[in-house]
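**Student:** Before anything else, here's the structure in question.
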Amino acid sequence: MSVNRCLHLFSRLRRHVNTRTARLARSSCHASSSSGLLHREQPMCGAVNSRNSSSSSTPDTSLFIPVTLKTDPSPEWSVGAELSQNLDKSELLKIVNRFYKRKEMQKLAAENGLDARLFHQAFINFRKYILEVNSLPADLHIILSDISFGAGHVDDIYPYFMRHAKQVFPMLDCMDDLRKISDLRVPANWYPEARAIQRKVIFHAGPTNSGKTYHAIQRYLAAKSGVYCGPLKLLAHEIFEKSNQAGVPCDLVTGEERTFVKEDGRVSEHVACTIEMCCVTTPYEVAVIDEIQMIRDSSRGWAWTRALLGLCAEEIHVCGEPAAIDFVRELMYTTGEEVEVHTYQRLTPFSILNSAVESLDNLSAGDCIVCFSKNDIYSISRQIEARGQECAVIYGSLPPGTKLSQAKKFNDPDDSCKILVATDAIGMGLNLSIKRIIFNSLVKPNVNEKGEKHMETLSTSQALQIAGRAGRFSSKFNEGEVTTMHRDDLPVLKEILSHTVEPIETAGLHPTAEQIEMFAYHLPNATLSNLIDIFVSLSQVDGLYFVCNLDDFKFLADMIQHIPLNLRSRYVFCTAPINKKQPFVCTSFLKFARQFSRDEPLTFDWICRHVNWPVAPPKNIKDLVHLEAVHDVLDLYLWLSYRFMDMFPDTAFVREIQRELDATIQEGVRNITRLIRATNPAITSPLQTSKNVGRLSGMASRRSAQTSDHSLTDRLVRDGLLTSEMLQQLQREWSKEQKEESTNRSPLKLNANKDKRKKRK
């Protein structure tokens, strides 16, 4: 190439670079003045927003993960060096550092979506790119060359810096689209079938045991077609049986089960389902939504919101606490539908006793002790058995069949079991003949809308839900009683129950698979967990709604991120309702996803090998807990089988062994005190609150001064109040206190003796 030809090309390229630099700078400035969406200060949407405001949120930029760029230069990139000259790396470092310190550039970048954090990250990446790449693009090379020779200003770097930043953070280029996708301010518009008809909404409001659900179900049975939406499989199964017994053909649909009662396999006009499984496109005459107050639940509230706004039924019968009346009215106002309210009073009274039980010796027939951990259930069951009484146990992780079996055992007047020990799992879904509810504790673990776990005192709503199980209508007890196990808790319980339930103010929402797929189209390199985080960060909700907690979803998404799955399959897997506290269940979930990704069907033989079927009867509590986890794994298989029928083909066989497993677990629970003794011959230590532990320690220390140490420990261990570990800890504390007392007193005694001797002399 001739010298004149090179000079001509160089001149043309320089004019092109200068023109493009000016144009990019102007467009950046114009964007900063006209597109204020990228830098408005708005609240995050993970928690509940203020009521009367419509929010547009600033993204949480800590969620933006930079994309790794390829640094292999194209052959033509060496043109910049040919037309100008090679660049001094040390001089380049000084130039880009001067650019970084320019406040004007930082402000301009912020107006275009790069806050201080993103600006810093993008600059570090940009500087590394400039210093490490062998050949820079010609236009950038020439600009840097001009600046190094004093023919340009460091501000000229800005357009190229922004070009690089948008390659590293591609979401900056599509932020407006992402905001539109995550706009959740008018969820009623998501259900065009429901908006196309004029629905009549009837609210059946009342406390527990007031007959509100009964009246709604009577209308459901009388209708030509209907759907019942309940919070639990047990409730859906109960309505399924009642409907068919009343001569109204009804199907059952839960996450893990489909039962069609018609012999030809056709769908019935009535269906009882768990609320997550309701269909919002099928027309019905009547729909019943039970326990509407759960619309504010931080994890599952979205299902009630979807049912209330989306069910395509002429009549929507809503059952729940009066605290939800005003909110449902307000929600229906946004859809142009009026709410008719029917209020009910409790059919049988219950009273709060003036004395606590204080000792398991004071239990009587029809008592139910409510605990909030399985360890407490094991401990109290063991203590009751030691007193020669028999008890039934019910807690959340038991299979539905086992819960029903234990409820039947407790309700049977001819059975010797007269005491029930249960968690708050009895709050809904079981008909129990309880005379007296006894709260063993008033503190339970909870998860807030941010996913933070903490211990908190029962709310009025929770306490009323549990206390209302005493003296149920149609049971043998015409009046219920409520009290506590410990004397100190009774005034607290009275205080809780004296309050009115706080009115419901917000309803939960959840991103759909379609919304996440659209996000993934714009952000193809983001993980599913990261997509969810960015969605929640950008989501806009008005004051009536909040975005439900998605920690469980993200936990599963992170677990299977390394497994090659398409986005829709990955999303479905992550919505599976599993207990992430069970290691065996989580391991099984991972194996299911891995097998699925290889297009290898999960056959009956495969699942039997995985769970080591047939299983042996439990010999101790650890075995029983493992069998419960195996039951959950079979539930997971059935749940996935209805989403991926070809990959989980042996549903009938799995359901058959699950029934066998349920019977094995039922037998284990019937012998639970024997399993507890096998686990620890002394006793299973209860997970008591620090207050209760302090009460026991104080009681033991007071009695130790009056009774021989040997007989006291025997009795405390026998009654289940102490374990050997607790006793050793108490002994260490007592000996430490005695040493401190002797140390403190000995100098005083010595001084006093010296004074006495001096006086005598």
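Using my numbering, the first residue of the sequence shown is number 151, and each one after it goes up by one. Ideal Cβ placement from N, Cα and C applies to all residues, glycine included.
1. Hey, which unbroken runs of the alpha helix (DSSP H) at 4 residues or more fall wholly within the region 309-362?
2. Tell me whether the region 645-661 and the region 691-699 touch, counting them as touching only if at least three CB pairs, one residue from each stretch, are closer than 8 Å.
3. With a cut-off of 8 Å, do at least 3 Cβ pairs link the region 435-447 to the region 463-471?
4. DSSP three-state label for E490, please.
5. Rounded to whole angstroms, what's the CA-CA distance from C521 to K374? Just pull it up for me.
6. Pairs of beta-carbons, one from the region 374-385 and one from the region 346-355, closer than 8 Å: are there three or more?
7. Under 7 Å, do I584 and R619 count as touching if we go by C-beta distance?
8. Starting from the C-beta of W227, find all residues in its chain whose C-beta is less than 7 Å away, skip the five residues before and the five after it, and write them out in chain order.
9. Tell me the start and end of each unbroken alpha helix (DSSP H) in the region 696-761 that is at least 4 residues and wholly inside, in chain order.
10. Specify the secondary structure class of E667 as computed by DSSP and reduced to three states.
11. Go through its chain and collect everything with a Cβ distance to L790's Cβ below 6 Å, but skip five positions before and after it.
12. May I ask which residues mark the beginning and end of the alpha helix (DSSP H) holding I425?
13. Identify which residue in K383, K731, I822 and R748 has its Cα closest to the Cα of D702.
14. I'd like to know whether the C-beta atoms of V593 and V571 end up nearer to each other than 7 Å.
15. For the beta strand (DSSP E) that H467 lies in, which residues bound it at each end?
16. Would you list the residues sitting across from M605 in a DSSP beta bridge?
17. Less than 7 Å between the beta carbons of F739 and I728, yes or no?
18. Since S555 is in the alpha helix (DSSP H), which residue starts that stretch and which ends it?
19. At which residue ranges does the region 358-400 contain complete beta strand (DSSP E) runs of 3 or more residues, listed in the order of the chain?
20. What's the gap between the Cα of K772 and the Cα of P674?
21. Determine the contact status of D401 and S418, defining contact as a CB-CB distance below 7 Å.
22. Measuring straight from C-alpha to C-alpha, what distance separates Q626 and A557?
23. Identify whether D692 lies in helix, strand or coil by the three-state DSSP scheme.
24. Where DSSP assigns a beta bridge to R586, which residues make up the other side?
25. Just curious, the alpha helix (DSSP H) that A657 is in, first and last residue?
26. D414: which of P399, M427, E407 and C423 sits nearest, CA to CA?
27. Tell me whether the beta-carbon of V775 lies closer than 7 Å to the beta-carbon of V761.
28. Ends of the beta strand (DSSP E) at E435?
29. Where does V686 fall in DSSP's three states?
30. In three-state terms, what does DSSP make of H420?
31. Does the beta-carbon of A266 have 16 or more other beta-carbons within 10 angstroms, so that it is buried, or is it exposed?
32. On the DSSP letters alone, give me the boundaries of the beta strand (DSSP E) that Q617 sits inside.
33. Using a threshold of 7 Å, state whether the C-beta atoms of I466 and A437 are closer than that.
34. Whole-angstrom Cβ separation of I815 and L788, contact assumed at under 8 Å?
35. With a threshold of 16 other CB atoms inside 10 Å of the CB of K330, please say whether the residue is buried or exposed.
36. Look at the Cβ atom of T633, then the Cβ atom of A515, and state whether they are nearer than 7 Å.
**Tutor:** To lay it out plainly:
1. 325-331 and 342-345
2. yes
3. As far as the Cβ criterion goes, the region 435-447 touches the region 463-471, which means the pair count is three or higher.
4. For the purposes of this step, residue 490 is taken as residue 340 along the sequence shown, with counting starting at 1. Strand at E490.
5. Here residue 521 refers to the residue found at position 371 of the sequence shown. Here residue 374 refers to the residue found at position 224 of the sequence shown. Whole-angstrom Cα-Cα distance: 43 Å.
6. Short answer: they don't touch.
7. Looking up residue 584 in the sequence shown gives position 434. Looking up residue 619 in the sequence shown gives position 469. Yes.
8. Translated into positions along the sequence shown, residue 227 becomes position 77. Because the pLDDT of W227 is 48, which lies under 50, any placement of that residue in the model is unreliable, and the question is left without a value.
9. 701-709, 717-724, 733-747 and 754-761
10. Along the sequence shown, read from residue 1 onward, the residue named residue 667 stands at position 517. If DSSP states are grouped into helix, strand and coil, E667 belongs with the helices.
11. Residue numbering aside, residue 790 sits at position 640 when the sequence shown is read from its first letter. Cβ within range, chain order: F798.
12. Within the sequence shown, the letter at position 275 stands for residue 425. That residue, I425, is in no alpha helix (DSSP H); it is neither H nor E in DSSP.
13. One-based indexing of the sequence shown puts residue 702 at position 552. Per the Cα distances, K731.
14. In the sequence shown, counting from the first residue as 1, residue 593 sits at position 443. In the sequence shown, counting from the first residue as 1, residue 571 sits at position 421. No; because the gap between Cβ atoms is not below 7 Å, this pair is not in contact.
15. Within the sequence shown, residue 467 is the residue found at index 317, counting from 1. Unbroken beta strand (DSSP E) run through H467: A463 to G470.
16. Mapped onto the sequence shown, residue 605 falls at position 455. DSSP, once it has assigned bridges, lists P595 as partnering M605.
17. Residue mapping note: residue 739 aligns to position 589 of the sequence shown, counting from 1. Residue mapping note: residue 728 aligns to position 578 of the sequence shown, counting from 1. Their beta carbons are under 7 Å apart, which means F739 touches I728 by this criterion.
18. What you label residue 555 is simply residue 405 of the sequence shown in a count that begins at 1. Note, S555: alpha helix (DSSP H), P550 to N561.
19. 376-380
20. Against the sequence shown, residue 772 aligns to sequence position 622. Against the sequence shown, residue 674 aligns to sequence position 524. Linking K772 to P674 through their CA atoms gives a straight-line distance of about 44 Å.
21. Taking the sequence shown and counting its residues from 1, one reaches residue 401 at position 251. Taking the sequence shown and counting its residues from 1, one reaches residue 418 at position 268. Going by C-beta atoms, D401 is nearer than 7 Å to S418.
22. Taking the first residue of the sequence shown as position 1, residue 626 is located at position 476. Taking the first residue of the sequence shown as position 1, residue 557 is located at position 407. Here residue 626 is Lys; the residue named in the question, Gln, does not match the sequence. K626 and A557: Cα-Cα distance of roughly 15 Å.
23. Here residue 692 corresponds to residue number 542 of the sequence shown, with the count starting at 1. Strand, per DSSP.
24. Start at 1 with the first residue of the sequence shown, and residue 586 comes out as number 436. DSSP, once it has assigned bridges, lists D517 and E631 as partnering R586.
25. Position 507 of the sequence shown holds residue 657. Segment A657 to L659 is the beta strand (DSSP E) holding A657; no alpha helix (DSSP H) there.
26. To locate residue 414, count along the sequence shown from 1; it is residue 264. Taking only the C-alpha atoms, the option nearest D414 is P399.
27. On the sequence shown, residue 775 is found 625 positions in, with the first residue counted as 1. On the sequence shown, residue 761 is found 611 positions in, with the first residue counted as 1. No. Outside cutoff.
28. As a first step, residue 435 must be located in the sequence shown, where it is residue number 285. Here the beta strand (DSSP E) through E435 covers Y434 to I439.
29. Here residue 686 is taken as the residue at index 536 of the sequence shown, counted from 1. It is helical.
30. Reading the sequence shown from its first residue, position 270 is the one you call residue 420. Here H420 sits in strand by DSSP.
31. Translated into the one-based positions of the sequence shown, residue 266 becomes position 116. Residue environment for A266: exposed (fewer than 16 other C-beta atoms within 10 angstroms of its C-beta).
32. Position 467 of the sequence shown holds residue 617. The sequence shown places Ala at residue 617, rather than the Gln named in the question. Careful: A617 lies outside any beta strand (DSSP E), inside the alpha helix (DSSP H) at T610 to A617.
33. By one-based count along the sequence shown, residue 466 stands at place 316. By one-based count along the sequence shown, residue 437 stands at place 287. For I466 and A437, yes; Cβs fall inside 7 Å.
34. In the sequence shown, the residue the question calls residue 815 occupies position 665. In the sequence shown, the residue the question calls residue 788 occupies position 638. Contact doesn't hold; Cβ gap of about 16 Å is too wide.
35. Sequence index remark: in the sequence shown, residue 330 carries index 180 (1-based). K330 is exposed by the Cβ-count criterion.
36. Translated into the one-based positions of the sequence shown, residue 633 becomes position 483. Translated into the one-based positions of the sequence shown, residue 515 becomes position 365. Their beta carbons are not under 7 Å apart, which means T633 does not touch A515 by this criterion.
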